[in-house]
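Residue numbers (our numbering), protein chains in the order written: chain B, 1 to 374; chain Z, 1001 to 1536. Just so it is clear, CB atoms sit at the ideal spot from N, CA and C, and this is done for glycine as well. What follows is a single structure, written as structure tokens, with notes after it.
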């Protein structure tokens, strides 16, 4: 197989090309409309809308991460929210340390909840988080390391299918329980909030908001391209083979565990980065981000959009979350029903999601009806 | 004639309010109000204590506090309290409006009378039919173990039959003897207390043998000290033994709940290979069935649980069959999709219950299931946990019987082992699938009835147990009921044994981590399926 060319990466698949164009346009236009257009103009994008869009972009990155392991590798992870939340907590810890003496208790080193809970000194794992590079490294290292250890244990002993799903769910559940405890040193039930600054800039200033939005867009762009590169590469083909016939791939001589493990770790790192970009935009991180339902919701985004198509995952994430934003304010009662119904309908009638639906229509348009392929 | 009719009617109307006890109480109270001296009052009070009336003890307590007053005109009694100022009718125990406190006459007492009264009140409480109240009375008397109280307790010990009350009295009397001047009597008291597990006693003895700053022991006699030391040790070791036993029982109870929750899952997940994320919600439906039965039959709380069991089995079973027919059936061979679709079902069921009933509902525990079985001072087990434990075992045996000895069970096993072959042999696999799913779901409903007796019943009931029960099935080995039993019980026991030193949450996390590590060694659980069926 030839090396993946840059052109193929960008223009090899129509959905991808469209997505990349839309994302690039969005990343440029939204900040311009927010900053340059006066607030009373109908074209103005409010801070709320931009933050919302930024949140969707981080969700989309998370969905891409899940799609990489589920759609391409057949690992249904019900614990990706854990990696997302770990990245978010790493960023949150940095933001907490930035508050400094502006907290309610004005302690220069200890955060408010630590003073409140009578901590004598900073817990050891909080050291270094006053530096952005360190926190940034932890955003990658913490989820990556957890995925590495967990994946190594799980894949080595060939835990597959629903077993793996259940165990990943148990993992995120266990982490949620742990982070809920006050003596864990992560703020317990309330989590981390009341952020003031990021990189010395006030977090609520329009410029900072724009910066975060652009950063989310760029992260999604790079993450997407990286995933696309992987799926097009030789390793991507092996991973597809693992998904479709794991034992056969193993018998041919590939080290199935290694492929799965590195895909899993990479996906976890992407999820962590998404979480780290999510937290400064929503302004809070707490243990509810670990809850199993969050992980499973990500899976439904991917399923709605179409698994094994990266642009489908993005589309699913944005669509479902837009629906969620709409319903939870307009008809909160209905949302749970709609979400539940979505799970059932998509798995029963749309196993390849919206992307599959579009592709099917296109193919039918191309192929004459009487000559349908077997 | 008309007058007579009115009189009769008035008599009829007032008759229920004035029983024979009321009359007796009235007589004694009048006697008390008209008593000339303290001796007469003392006599009246003694007779008052003998009257079988719910307000008699209130009258005595008020009298000893100096709160009992009467109205000169009709000798009706009132309780007058100063802080807050209030006048209460003694007989009705309701605020007497329109009665001024200064229009009443106080019944005065003196020291001797008060002493008599205190004894009477205590003996009153000692004779209460409720053993728990008797224990309270004994504890109250033992706070001031003077001669009179000790005599009262000794008298009660002669006739007391309840073990808990007896042991409280005995321990109390011996404790009183520990204060004796006579070393031999102290020693005798310690010897008499040999089998005690009383914590208060242990602390007393500990104080006796702990030297003060000067190195002098509060207890001068060496023999008494030795005996006390030995007893402290024996109490400590027995208590720790019993507390371990209690923890073990709690573990068994938690384990039995897990088993009950997981055996339904073991059927759908283990036998059919279908992962049903709505299993927890089927349990929740079962728990709500108990609530519904109690709402509809408020007079049969005792039987409600027994009625709810078949009802919950039917309701959850039917819902399960519907899930199988309309969702799961179309997803055969796609376990991950089944997981997602059933998760959708669970969201819908949760929301359906939440729209109907937002908060937790109060489910009553029937009398025969509530309360503890007190084995001794250090160990008591609760009836509801015991019954749930036995019930879990019963369900397990029943299910084992169904799977091993009935025609349905044979078909279920055949289909789970080799679907194609079973079909070729004429088994209606579709029907068997539906029945199996219904059976597993029905058991979830029954588990919900049991859970309704132990935890809060609300829309999230199922969520709390679903992950644990999946762990049990994975740990025990899929498709093996014995594995589920042993897996559930051992996870429950390990969890509870870890709890005292690790805390509840950490214990739970440790167990989860342990299960994940265990799967490293044995990826297919404790009792893996063997043969071709195992290769999925």
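The C-beta of residue 1348(Z) comes closer than 7 Å to at least one C-beta of chain B.
Using a Cβ distance threshold of 7 Å, residue 203(B) and residue 195(B) count as a contacting pair. In the structure shown, the three-state DSSP call for residue 34(B) is helix.
The C-beta distance from residue 147(B) to residue 264(B) rounds to 5 Å, short enough to fall under 8 Å. When the five nearest sequence neighbours on each side are left out, the beta carbons in the same chain lying within less than 6 Å of the beta carbon of residue 301(B) are those of 63, 316, 317, 320, in order along the chain. Here residue 1446(Z) is near residue 1313(Z), since their CB atoms are less than 7 Å apart.
For residue 1170(Z), the secondary structure class from DSSP, reduced to helix, strand or coil, is helix. In terms of Cβ geometry, residue 74(B) and residue 172(B) do not form a close pair [threshold 7 Å].
Per DSSP, residue 1380(Z) is not a residue of any alpha helix (DSSP H); the beta strand (DSSP E) it occupies stretches across 1379-1382. Boundaries of the beta strand (DSSP E) harbouring residue 1085(Z): 1085-1089, taken from the DSSP string. Residue-level contact check: residue 153(B) touches chain Z, since one or more beta carbons of chain Z fall below 7 Å from its beta carbon. At a cut-off of 7 Å between beta-carbon atoms, residue 1130(Z) makes no contact with chain B.
If you check the CB distance, residue 1321(Z) and residue 1414(Z) do not come in under 7 Å. With a cutoff of 7 Å on beta-carbon distance, residue 1525(Z) and residue 1477(Z) are scored as near each other. Neighbours of residue 1353(Z) in chain B, taken as residues at a C-beta separation under 8 Å, are lacking, since the least C-beta distance is about 11 Å. Excluding its 5 nearest sequence neighbours in each direction, residue 1186(Z) has C-beta neighbours in its own chain below 6 Å: 1178, 1180, 1224, listed in chain order. Within its own chain, the residues whose Cβ lies closer than 7 Å to the Cβ of residue 1483(Z), once the five positions on either side in sequence are excluded, are 1476, 1477, 1525, 1526, 1527, listed in chain order.
For residue 1284(Z), the uninterrupted alpha helix (DSSP H) segment begins and ends at 1279-1296.
When C-beta distances to chain Z are compared with 8 Å, the residues of the region 349-361 of chain B below that value are 351, in chain order. By the Cβ rule, the region 37-52 of chain B does not count as touching the region 215-228 of chain B, because fewer than three pairs are nearer than 8 Å. Taking 7 Å as the CB threshold, residue 333(B) lines the interface with chain Z.
Those residues of the region 149-175 of chain B placed with their C-beta closer than 9 Å to a C-beta in chain Z are 150, 153, 154, 156, 157, 158, 159, 160, 161, 162, 163, 165, 166, 167, 169, 170, 171, 173, 174, 175, ordered along the chain. At least one beta carbon of chain Z lies nearer than 7 Å to the beta carbon of residue 296(B). Residue contact with chain B for residue 1265(Z): absent (no Cβ-Cβ distance below 7 Å to any residue of chain B). The Cβ atoms of residue 1095(Z) and residue 1051(Z) lie no closer than 7 Å to each other. The C-beta of residue 17(B) has fewer than 16 other C-beta atoms within 10 Å across all chains shown, which makes the residue exposed.
By a beta-carbon distance limit of 8 Å, residue 1141(Z) contacts residue 1153(Z). Their separation comes to about 6 Å.
In the structure shown, residue 1363(Z) falls within a coil segment according to DSSP collapsed to helix, strand and coil. Interface flag for residue 186(B) against chain Z is unset, since no Cβ pair is found closer than 7 Å. The alpha carbon of residue 1441(Z) has as its nearest neighbour, out of 1206(Z), 1452(Z), 1285(Z), 1036(Z), the alpha carbon of 1285(Z). Within the same chain, and ignoring the five residues on either side of residue 342(B) in sequence, the residues whose Cβ sits closer than 8 Å to its Cβ are 300, 304, 320. Neighbours of residue 1508(Z) across chain B, judged by C-beta separation under 7 Å: 177.
Taking the beta carbon of residue 252(B) as reference, no residue of chain Z falls within 9 Å; the closest one sits roughly 18 Å away.
For residue 155(B), the closest of 136(B), 198(B), 174(B), 69(B) by C-alpha to C-alpha distance is 69(B). At least 7 Å separates the CB of residue 58(B) from every CB of chain Z. The closest CA to that of residue 1339(Z), considering only 165(B), 37(B), 287(B), 36(B), is found on 165(B).
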